[in-house]
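**Student:** Submitted below is the structure of interest, expressed as structure tokens.
Numbering (our numbering), first residue to last: 185 to 425.
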């Protein structure tokens, strides 16, 4: 029994020594940080953020450490870590996707909305996107570093964007502007395709109703979809009389 206890104690000591070596040996200090593909974040900003990982023990470096290092990168939504022993880590970035452009009287630069409600400057190293432009949205700029849609605006705007995706609407009728008006949400279609008044709710059913009736609506008409039992419209010619 005594011999068995000595053997167990010896094994435990070896394991502890091995763990100590793994966690403290310079052999496992991170010497190289690689990244997967990314688009909206600049290389210079990413390199600066990930520099803190260098010299860190590869086993104790965690995803939370990298997420904290990337917290100042506005386009980074999440990070994922892979280790390659003895001294290399690969960081995969999950970036936010731009949803819509945002027209603002306070900025001449192109700004875009992302999924958490923030409004970010479009990255200077990329060509401007072919996105619809949101007009009439109130922005909360109490934090100049992270302006966002006003709390009363973000819900209907996100609901409209979700409805456009759910119905596949833009594949048939691309949207030029999304206007927030006293009649609710109004879509201005590209190529003088007319306008659609969607109101404040039930955006997807109203878009589907328009798609079903589109062949009977003149091109360029101003269409009101707020009423469940009917679709009303006026053509540009009739509006001018």
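C-beta atoms are modelled at their ideal positions from N, C-alpha and C, and glycine is treated no differently.
Bear in mind that the values here come from a model prediction, so they are computed numbers and not experimental data.
List the DSSP bridge partners of residue 354.
**Tutor:** Within the chain shown, the letter at position 170 stands for residue 354. Paired residues: none, contrary to the question.
**Student:** Verify the CB distance criterion: does residue 363 have a CB-CB separation below 8 Å to chain D?
**Tutor:** Looking at the structure shown, chain D is missing, and only one protein chain is on hand.
**Student:** Could you spell out where the alpha helix (DSSP H) holding residue 393 opens and where it closes?
**Tutor:** Stepping through the chain shown from its first residue, residue 393 is reached at position 209. First-last of the alpha helix (DSSP H) with residue 393: 387 to 397.
**Student:** Could you check if residue 189 is buried or exposed, using at least 16 other CB atoms within 10 Å of its CB as the buried criterion?
**Tutor:** As a working mapping, residue 189 is identified with position 5 in the chain shown. A caution first: residue 189 carries a pLDDT of 44, below 50, which makes its placement in the model unreliable, though a value can still be read off. Of the residues assessed, residue 189 falls on the exposed side of the cut-off, its CB having fewer than 16 other CB atoms within 10 angstroms.
**Student:** Tell me which same chain residues have a C-beta within less than 6 Å of the C-beta of residue 383, skipping the five on either side of it?
**Tutor:** Taking the first residue of the chain shown as position 1, residue 383 is located at position 199. Here the set comprises 368 and 410.
**Student:** Give the secondary structure of residue 403 by DSSP, where H, G and I count as helix, E and B as strand, and everything else as coil.
**Tutor:** The count along the chain shown starts at 1 and reaches residue 403 at position 219. Of the three classes helix, strand and coil, the one that applies to residue 403 here is coil, per DSSP.
**Student:** State the CB to CB distance for the pair residue 419 and residue 408, rounded to an integer number of angstroms; the pair is presumed to be in contact (CB under 8 Å).
**Tutor:** In the chain shown, residue 419 corresponds to position 235, counting from 1. In the chain shown, residue 408 corresponds to position 224, counting from 1. Contact flag wrong, Cβ pair sits at about 13 Å.
**Student:** Where residue 312 and residue 225 are concerned, what is the direct C-alpha to C-alpha distance, given to the nearest angstrom?
**Tutor:** In the chain shown, residue 312 corresponds to position 128, counting from 1. In the chain shown, residue 225 corresponds to position 41, counting from 1. For residue 312 and residue 225, the distance between alpha carbons rounds to 15 Å.
**Student:** Exposed or buried, what is residue 461 when buried is set at 16 or more other beta-carbons lying within 10 Å of its beta-carbon?
**Tutor:** Here the chain covers residues 185 to 425 and nothing more, so residue 461 does not appear.
**Student:** Starting from the Cα of residue 362, find the closest Cα among 284, 209 and 413 and give me that residue.
**Tutor:** Position 178 of the chain shown, counted from the start, is the residue given in the question as residue 362. That would be 284, whose Cα lies nearest to the Cα of residue 362.
**Student:** Quick check on residue 414: does DSSP put it in helix, strand or coil?
**Tutor:** By one-based count along the chain shown, residue 414 stands at place 230. Looking at residue 414 - three-state DSSP - the assignment turns out to be coil, as it is neither helix nor strand.
**Student:** What does the alpha-carbon distance come out to for the pair residue 217 and residue 330?
**Tutor:** Here residue 217 refers to the residue found at position 33 of the chain shown. Here residue 330 refers to the residue found at position 146 of the chain shown. Approximately 28 Å between the Cα atoms of the pair.
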